[in-house]
Amino acid sequence: LVAPLISFLKNGRYNSRKEYLLYCVNIVVNIIALNIADGIIIVHNQLKEEISKYTLRKVKVQVAPQFIEREQDTLPRARLGSSKTINLLTVTNLAFPEKYHGLLFFLNALSRFARDGSEEVKINFDILGDGFYLSKLNDDIKKYCTDRFTVKAHGFVKDVRLFYESADIFLYCSTFDGLPNVLLEAMYFGLPIMVNSYPNFKDILKNGENALFFDIENYDQFVSDLNQLINDQNIYESMSSNNINKSREDYSCLAVAKKLQKIVSLYTSIQ
39 LVAPLISFLK NGRYNSRKEY LLYCVNIVVN IIALNIADGI IIVHNQLKEE ISKYTLRKVK
99 VQVAPQFIER EQDTLPRARL GSSKTINLLT VTNLAFPEKY HGLLFFLNAL SRFARDGSEE
159 VKINFDILGD GFYLSKLNDD IKKYCTDRFT VKAHGFVKDV RLFYESADIF LYCSTFDGLP
219 NVLLEAMYFG LPIMVNSYPN FKDILKNGEN ALFFDIENYD QFVSDLNQLI NDQNIYESMS
279 SNNINKSRED YSCLAVAKKL QKIVSLYTSI Q
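For the sequence shown, my numbering gives the first residue as 39, with consecutive numbering after it.
Have a look at this one:
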């Protein structure tokens, strides 16, 4: 109940009187639920501050993130230095303008990277995700594609495994998010990550260790960091290895189950 509450309270997005009434009902129901609960489990720390605004009494709040099902162990990625084509991937929800604008940032920044970089290196950017802004995005893509920079928006893709496996780096940019599953998926597949500096993402990623954070106002920084990630063998391989280890230790089904067991035991002892 918490995530819908925060979403409604912070944004209040509605297009009709019916949606507005639903918005009001959701607020009331969720606030009541928060205040009668003995404890609250959230998926990331940033929600704690928001929850405290709507609880009239002290409620114990614990963090237990979502988990990623591990079908098999993945191996760290090898360096990219000798590769002539760099495959970049993002998976997003194009129903949200904030995520669409994040893609526009990537199109601008990557076109600059391809234009100013080595003529021998080509950039391929795959975008997975459906939503209202997909058709607009396809129109935008036509303005940026060159012989050295190709982009394809695939829309909704049911089985994303092949895209993760063939990608070299995972990109993500959004200013409206909780704890995106796609970042956990990228970690599971051992992909180095580049992501905008947004508070919720820092809950699971550490700059320079699991990801490189960038400022969405600074194209030059993004281009410089991408160039470093592509050409520095140590950074690329250590980030890949770190992400696989963190995925296994913190976000596997077993790891999250153990956290939940501790939380349930804590609430039981309180009663």
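Heads up, the beta-carbon is just placed ideally off N, CA and C, and yes, glycines get one too.
Since we're looking at a predicted model, the values are computed, not measured.
query                                                                                                                                  : result
What span of residues does the beta strand (DSSP E) with residue 252 cover, start to end?                                              : 249-252
Quick one: Cα of residue 263 to Cα of residue 78, how far?                                                                             : 38 Å
For the alpha helix (DSSP H) containing residue 234, list its first residue and its last residue.                                      : Element bounds for residue 234: not the alpha helix (DSSP H) but the beta strand (DSSP E), 231-234.
With DSSP as the reference, identify every bridge partner of residue 190, one or two as the case may be.                               : 164
Do we get a CB-CB distance below 7 Å when we pair residue 176 with the residues of chain C?                                            : The chain labelled as chain C is not found in the depicted structure, where only one protein chain is given.
In whole angstroms, what separates the C-alpha of residue 236 from that of residue 60?                                                 : 29 Å
Taking the alpha carbon of residue 113 as the reference point, which residue from 306, 300, 292, 284 has its own alpha carbon closest? : 284
Mind checking which residues open and close the alpha helix (DSSP H) that includes residue 151?                                        : 135-154
Rounded to whole angstroms, what's the CA-CA distance from residue 171 to residue 186? Just pull it up for me.                         : 25 Å
Under the three-state reduction of DSSP, which class applies to residue 268: helix, strand or coil?                                    : helix
Could you spell out the range, first to last residue, of the alpha helix (DSSP H) harbouring residue 172?                              : 172-182
Would the beta-carbon of residue 211 fall within 7 Å of that of residue 260?                                                           : no
With a cut-off of 8 Å, do at least 3 Cβ pairs link the region 233-248 to the region 159-176?                                           : no
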